[in-house]
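Residue numbers (the numbering used here), protein chains in the order written: chain A, 943 to 1147; chain B, 943 to 1147.
So, in structure tokens, the structure goes:
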């Protein structure tokens, strides 16, 4: 594409580095900014700079945070004995949105994936095992995605902590609420039958 | 959505001001930036600032430019007597990509559209009529999108300049009626410039 302005070309090129944003979309976004007040672009770029340079990761759960300890870890009345192990920050937000969980989280920062060159030492696993060793945790809930990498990561952590006396669980896999049985995949449907729960329990929420 | 960081929330909110970018996409983009080196976010925000604050519009054709006159207006060997009238900057880029046009452009900055409150005086029409009056232009090519607003704009300009002895043409209707210029393929768009027809003929249908 021919740009009549080097400044425009540079902005489009930088913008199209972002995932899922091609040159055409980037151009559309930059031209949109040119039609908006200057303050709006200033605020956007300041906000991006601020989050990139100043954001911290919680020293306890590795969730994104403005302080050394995140809001969830410092909220009183949460159950300090139950830890939900998740892949990344978006999973924390998704579970928090349900209001169904009152324990704490542990963000691994990914899954073990040799194909992508990610081993156990690239993830926040050591600090999780250390927490378990300290003896204050009663239950670990594995909430990783149910892929080969997720299962591998679950199992790797499980092996490290099985000698300690804590409960381990994984989130229930089954048919989504509201979904038709006939469209569900066989593995999910099969698992939802094997792991059926007492009917009384399903009435609780 | 609950954010565990005010900095993250602010960045996501600013990002989701952009057209076609919702909160979820904005979050994905910001989290991607957090995984990349700080320099990358710095370069993006500097590039956006620079384009917003420093970019100029060509004093002659109103195309986006780094100088007072744009690269196209200052290129030698272009045919100064032929002016292609377009809606916006993306149309200049699209036509330049075809390499089928060696004249100059005139960017109107939109179309007459009473529904959106855009009248003739909101567009760069006066400066175009002034150019025609000065007598150096041999031909005007209307290359607005073939919508009602585009046709209205063509006709408005045509009425202002028909007393002067210049050729007027519109790009050939090789492009489907209702389609936007920027999405046309290069061959169709290129051919439509080569096969332009007298403006009077375009009024017949």
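C-beta: ideal position from N, C-alpha, C; glycine also.
These numbers were taken from a predicted model, which means no experiment stands behind them.
Answer with buried or exposed for residue i, where buried requires no fewer than 16 other C-beta atoms within 10 angstroms of its C-beta.
| i | result |
| --- | --- |
| residue 1071 of chain B | exposed |
| residue 1084 of chain A | buried |
| residue 1005 of chain A | buried |
| residue 1142 of chain B | exposed |
| residue 1222 of chain B | Nothing in the structure corresponds to residue 1222 of chain B, since chain B is present only between 943 and 1147. |
| residue 1119 of chain A | exposed |
| residue 954 of chain A | buried |
| residue 1007 of chain B | buried |
| residue 1041 of chain A | exposed |
| residue 1029 of chain A | buried |
| residue 1017 of chain B | exposed |
| residue 1057 of chain A | exposed |
| residue 1139 of chain A | exposed |
| residue 1099 of chain A | buried |
| residue 956 of chain A | buried |
| residue 1027 of chain B | buried |
| residue 1135 of chain B | buried |
| residue 1096 of chain B | buried |
| residue 1093 of chain B | buried |
Let me see if you follow: with CB-CB separation under 9 Å, is residue i close to chain A or not?
| i | result |
| --- | --- |
| residue 955 of chain B | yes |
| residue 948 of chain B | yes |
| residue 961 of chain B | yes |
| residue 1032 of chain B | yes |
Say the cut is 8 Å; is the CB of residue i nearer than that to a heavy atom of the ligand FMN?
| i | result |
| --- | --- |
| residue 1009 of chain A | Although the ligand FMN was asked about, the structure shown includes no ligands whatsoever. |
Do residue j and residue i have their beta-carbon atoms positioned less than 9 Å apart in this structure?
| i | j | result |
| --- | --- | --- |
| residue 1003 of chain B | residue 1048 of chain B | yes |
| residue 984 of chain A | residue 963 of chain B | no |
| residue 1050 of chain B | residue 1067 of chain B | yes |
| residue 1038 of chain B | residue 946 of chain A | yes |
| residue 949 of chain A | residue 992 of chain B | yes |
| residue 1036 of chain B | residue 952 of chain A | no |
| residue 1021 of chain A | residue 1044 of chain A | yes |
| residue 1091 of chain A | residue 1054 of chain A | yes |
| residue 1112 of chain B | residue 1023 of chain B | no |
| residue 975 of chain B | residue 1131 of chain A | no |
| residue 1115 of chain A | residue 1144 of chain A | no |
| residue 1046 of chain B | residue 1015 of chain B | yes |
| residue 995 of chain B | residue 980 of chain A | yes |
| residue 1033 of chain B | residue 969 of chain B | no |
Just the chain A side, please: which residues come within less than 9 Å of residue i by C-beta, in chain order?
| i | result |
| --- | --- |
| residue 1066 of chain B | Per Cβ cutoff of 9 Å: no residues; residue 1066 of chain B is ~15 Å from chain A at best. |
| residue 1142 of chain B | In chain order: nothing, as chain A lies at least about 32 Å away. |
| residue 1035 of chain B | 943, 944, 945, 946, 969 |
For residue i, which residues in chain B fall below 7 Å Cβ to Cβ?
| i | result |
| --- | --- |
| residue 974 of chain A | 960, 961 |
| residue 1006 of chain A | 946, 947, 950 |
Between residue i and chain B, is any beta-carbon pair separated by less than 9 Å?
| i | result |
| --- | --- |
| residue 1021 of chain A | no |
| residue 1000 of chain A | yes |
| residue 1044 of chain A | no |
Could you work out which residues of chain A lie near residue i, taking near to mean beta carbons separated by less than 7 Å?
| i | result |
| --- | --- |
| residue 987 of chain B | 987, 990, 991 |
| residue 983 of chain B | 990, 991, 994 |
| residue 980 of chain B | 994, 995 |
Since residue i and residue j should fall inside the 8 Å C-beta cutoff, what is the C-beta to C-beta distance between them, to a whole number of angstroms?
| i | j | result |
| --- | --- | --- |
| residue 1109 of chain A | residue 1025 of chain A | That belief does not hold up - the Cβ atoms of residue 1109 of chain A and residue 1025 of chain A are roughly 11 Å apart, past 8 Å. |
What in chain B is Cβ-close to residue i, meaning under 9 Å?
| i | result |
| --- | --- |
| residue 1012 of chain A | 946, 947 |
Is any beta-carbon of chain D found at less than 9 Å from that of residue i?
| i | result |
| --- | --- |
| residue 1128 of chain B | Within the model displayed, chain D is absent; protein chains A and B are what it includes. |
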